[in-house]
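These notes are about the structure you will find just below.
Residue numbers (my numbering): -10 to 298.
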């Protein structure tokens, strides 16, 4: 029986089956073909209204969603927390319920509180797409990473993927690892012990705190941004120290397979977690991730909108 999509929300890859994830990736592959045409716009969401409600700042994700919505011919409204009634003391739910009362179809939402979108989705009839919630989940980033890996490597079965960096605070890492595990990849989490606690082993991933061990035999390495705002918390002594022991550079890249993919969700701290020469080198698929993000978000918007009553 052919799989169909029946969810009005996309909140976390943990909720999805391997078949549902594959269905999104297959749909995104079709939308990528649209983006490669001379005329890149389709009427798939004509007559639908999408509100981009970003309570937490964003550049890449927001621009990618906006462009995806434009390509699908949706009507778009952009909102930010500092220009909403949240500043006047209105609750998040009241703000969103008032948005819904305007007969919108979809809300694309980013929020700093983990679980905020899950809470909202339970109280509204319109579709909710999670564009990032604290350190919890960022499903479209995970999907574009999976799409890029599948495009380059073909299959996930037995593929060795290392996620390197600040796992503890990363919604990207959590989304990626759930998707990778469901699709059959072998996942290693690598970084300082303060940022990659052993507790992650309980979900079926390998944890290591030695760069060479983390990189050897990897088919893919996804590097996570070192967040300068975390420095005051003392998770590691300095960015220089981190670069020395966990940075991917012209020496440490030799631990990887010659055909290994180098990925990064951006923005990059050049010459900290990743050397500039590698970020711009032949193994890097960083800009392809950005391109694929557009196709993935078009697919997600299209599928979720189809389930909104």
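For every residue, glycine included, the Cβ atom is placed at its ideal position computed from N, Cα and C.
None of the values given here were measured: they were computed from a predicted structure.
Minimum Cα-Cα distance from residue 248 among the listed residues 278, -4, 204, 50 corresponds to 204. Note that the C-beta distance between residue 288 and residue 94 is not below 7 Å. Between residue 267 and residue 242, the gap from beta carbon to beta carbon is short of 7 Å. At a Cβ-Cβ threshold of 7 Å, residue 69 and residue 99 do not count as neighbours. Beta-bridge partners of residue 99 (DSSP): 43. Note: residue 116 is bridge-paired with 95 in the DSSP secondary-structure output.
Burial state of residue 265 is exposed, judged by a 10 Å Cβ sphere holding fewer than 16 other Cβ atoms.
Taking the Cα positions, residue 101 is about 16 Å away from residue 84. Of 239, 174, 92, 19, the smallest CA-CA separation from residue 151 is found for 174. The beta carbon of residue 86 is closer than 8 Å to those of 112, 113 in its chain, skipping five residues each way along the sequence. Straight-line measurement puts the Cα of residue 227 at about 37 Å from the Cα of residue 146. Sixteen is the threshold: since fewer than 16 other Cβ atoms of the shown chains lie within 10 Å of the Cβ of residue 188, the residue is exposed. When the beta-carbon positions are compared, residue 126 and residue 78 stay at least 7 Å from each other. Exposure of residue 25 is indicated by the presence of fewer than 16 other C-beta atoms within 10 angstroms of its C-beta.
Taking the C-beta atoms as reference points, residue 182 is found nearer than 7 Å to residue 198.
Taking 7 Å as the cut-off, the Cβ atoms of residue 129 and residue 286 count as close. DSSP places residue 69 in the uninterrupted beta strand (DSSP E) bounded by 64 to 69. A distance below 8 Å between beta-carbons, with the five flanking residues on each side excluded, links residue 136 to the following residues of its chain, in chain order: 14, 17, 18, 281, 284, 285. The C-beta separation of residue 180 from residue 154 comes to about 5 Å, placing the pair in contact by the 8 Å criterion.
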